[in-house]
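There are 2 protein chains.
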Amino acid sequence: MGQVSDAKDKLVQSALDLMYSRSYASVGVQELCEHAGVQKGSFYHFFPSKRDLTIAALERQRELGRCTILEPAFCPDRPPLQRIEAWFDRLYDHAATMKRKTGCVPGCVVGNLAIELSTQDEVIRHKVAALLKDLTGLIEQTVAEAIKRKDLPSQNPKVLAEAIVAYMEGVTLLAKTHNDPALIKRLGHKYVTQLMGGAEVRGRGSRPTR
Amino acid sequence: MGQVSDAKDKLVQSALDLMYSRSYASVGVQELCEHAGVQKGSFYHFFPSKRDLTIAALERQRELGRCTILEPAFCPDRPPLQRIEAWFDRLYDHAATMKRKTGCVPGCVVGNLAIELSTQDEVIRHKVAALLKDLTGLIEQTVAEAIKRKDLPSQNPKVLAEAIVAYMEGVTLLAKTHNDPALIKRLGHKYVTQLMGGAEVRGRGSRPTR
DNA sequence: CTATTATTTGACCGACCGGTCAACTAATTG
DNA sequence: CAATTAGTTGACCGGTCGGTCAAATAATAG
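Chains as they are written, first to last, in this note's numbering: chain A, 581 to 790; chain B, 581 to 790.
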């Protein structure tokens, strides 16, 4: 009953687009509405506040990231260490595409909001932390598998996964700061491998995938 | 001639304090002035814009970071790899202190502004990039020394230094997101060492400092 | 057709934003 | 002393901020 609408979705997508390429604070409700082609009243019909829209946008980012980056890279018919390589490859491709399209390397949506809002908004901080925990879980499974296959020396997969996520966020931050996607390529594969203690050759092509 | 004033310094320090514990956008010129005990007109007597104050604050942060973190940690009578360990130790101490004092882990001033403003303000982006380049240079010298001493396998010190700075920013980001200084301790020493290819023992106590 | 419900509209709110300015005060110089 | 200069004051500017609301509209259910 009543009319139906895609305004909610459009608002969520606009929030993701605009906040990703700039920042939370620099995107006003006004601009959000214009970008989504929606009136201000409709905004507050669907979301009690700008913060709530942001939470929804983060939720959407979780799905989007899973479909476009994580699932393709962490596809189980690749050996585990190559999944992580493929992940960094995709991050590089994404950064390069964004730079080509917008002139800027926008970094990581999650990391961006984490840094901008963690000290100011506990609700958003928790949401962001949850997304990162999820990601860490995925990495943990992957390295655990690599350890089981003896592609990696025996070690605590949970802490290692945290380290890898940290490294990925740091590399992304540097790429954004220098506005240079090449940095991701340069700091990708090799150093993640070293970070894992996987050193020079170990685990490379233990299945003939390269 | 004319009266003298410490308003400029007070404004710079206030900017550093406030923007560090929250964000650039969330700190208004008004609040900045109140915190510094200065009138708005005085603000614009010393700085043409909020952005210029921010640049000055970043410059101050360079000196502050050098004195309180970098110089103590990278003191040359420690072997090079231990300097990097000492660096992460100091970062942990700092985060823990901030958490105790303010309830929040504020992350890294430079990384925070990098993420918040890199896509929006080229001037600030360049300043931030310069500070990170400086830091990378210091790390590069350090790892180059370690390589020369054979504490580290032969490799490109420039790229390795970038990787270490990235890792440090990433760890700091995670600590801020989870509001947990312990994360820095957990992800510190061990994984930096691995990142460098310094693996388990190599280079540890090659001078009897432990 | 009527009642109900979901959505849309756009004017409006007080607060705050970054920035300007002319008048004023205090210290120094000759 | 007067002149010069550096710093201070606080009112003021147009614009934007996040958020509210009452009335209008469109789709469905009975």
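Beta carbons are placed, not taken as given, at the ideal position from N, Cα and C, and that holds for glycine.
Please read all numbers here as calculations on a predicted model, not as lab measurements.
Beta-carbon to beta-carbon, A:Glu725 and A:Pro652 are separated by about 18 Å, too far to satisfy the 8 Å threshold. Shown in chain order are the members of the segment 703–714 of chain A whose Cβ falls below 9 Å from a Cβ of chain B: Arg705, Val708, Ala709, Leu712, Lys713. Nearest neighbour of B:Val592 by Cα position, chosen from B:Gly621, B:Lys630, B:Ala743, B:Glu749, turns out to be B:Lys630. Closer than 8 Å to the CB of A:Tyr672 there is not a single CB belonging to chain B. Ranked by Cα distance from A:Thr634, the options A:Val751, A:Cys655, A:Ala741, A:Glu702 are led by A:Glu702. Taking every protein chain shown into account, the CB of B:Asp731 has 16 or more other CB atoms within 10 angstroms, so this residue is buried. Pairing B:Ala762 with B:Tyr771, the inter-Cα distance amounts to about 15 Å. The contact set of B:Arg766 on chain A, defined by CB atoms closer than 8 Å, consists of Val739, Glu742 in chain order.
A straight line joining the alpha-carbon of A:Trp667 with that of A:Ala743 spans about 15 Å.
Sequence-distant Cβ neighbours of B:Phe626 in its own chain, meaning closer than 6 Å and more than five residues away, are Lys588. Straight-line spacing of the CA atoms in A:Ala637 and B:Asp657 works out to 51 Å.
Along the segment 690–704 of chain A, the positions whose C-beta sits under 7 Å from a C-beta of chain B are Gly691, Asn692, Ala694, Ile695, Glu696, Ser698, Thr699, Gln700, read in chain order.
For B:Asp632, the enclosing alpha helix (DSSP H) starts and ends at 630–645.
Across the set A:Cys613, A:Thr677, A:Ile695, A:Ser601, the C-alpha of A:Ile695 shows the shortest separation from the C-alpha of B:Met599. A straight line joining the alpha-carbon of B:Gly621 with that of B:Ser601 spans about 25 Å.
Proximity of B:Lys679 to chain A, defined by a Cβ-Cβ separation below 8 Å, is not satisfied. Under the three-state reduction of DSSP output, B:Ala605 falls in the coil class, being neither helix nor strand. Among the residues of the segment 605–632 of chain A, those with a Cβ less than 8 Å away from any Cβ of chain B are Ala605, Ser606, in the order of the chain.
The Cβ of A:Met581 sits no closer than 8 Å to any Cβ of chain B. Where A:Thr677 is concerned, the enclosing alpha helix (DSSP H) starts and stops at 660–682.
Relative to the Cα of A:Val739, the nearest Cα in the group B:Pro737, B:Lys738, B:Lys765, B:Leu718 belongs to B:Lys765. With respect to chain A, the C-beta atom of B:Ala637 has no partner C-beta closer than 8 Å. The DSSP-derived three-state label of A:Cys613 is helix.
Taking 8 Å as the cut-off, the beta carbon of B:Gly768 is found no closer than this to the beta carbon of B:Tyr624. In this structure, the beta-carbon distance from A:Thr722 to A:Ile664 falls below 8 Å.
For B:Leu596, the closest C-alpha among the options B:Gly617, B:Ala710, B:Gly683, B:Val689 is that of B:Val689.
Burial state of B:Met748 is buried, judged by a 10 Å Cβ sphere holding 16 or more other Cβ atoms. With its beta carbon less than 8 Å from one in chain A, B:Lys756 belongs to the interface.
About 13 Å separates the Cβ atoms of B:Leu711 and A:Leu753, ruling out a contact at the 8 Å cut-off.
For A:Ser601, the chain B residues whose C-beta falls within less than 7 Å of its own C-beta are Thr699, listed in chain order. Collapsing the DSSP output to three states places A:Phe627 in coil. Nearest CB-CB separation between A:Gly717 and chain B: not below the 8 Å threshold. Taken in chain order, the complete alpha helix (DSSP H) segments of 4 residues or longer contained in the segment 723–766 of chain B are 737–757. In this structure, DSSP gives B:Gln593 a helical state, which the three-state scheme calls helix. Excluding its 5 nearest sequence neighbours in each direction, B:Gly750 has no C-beta neighbour in its own chain below 8 Å.
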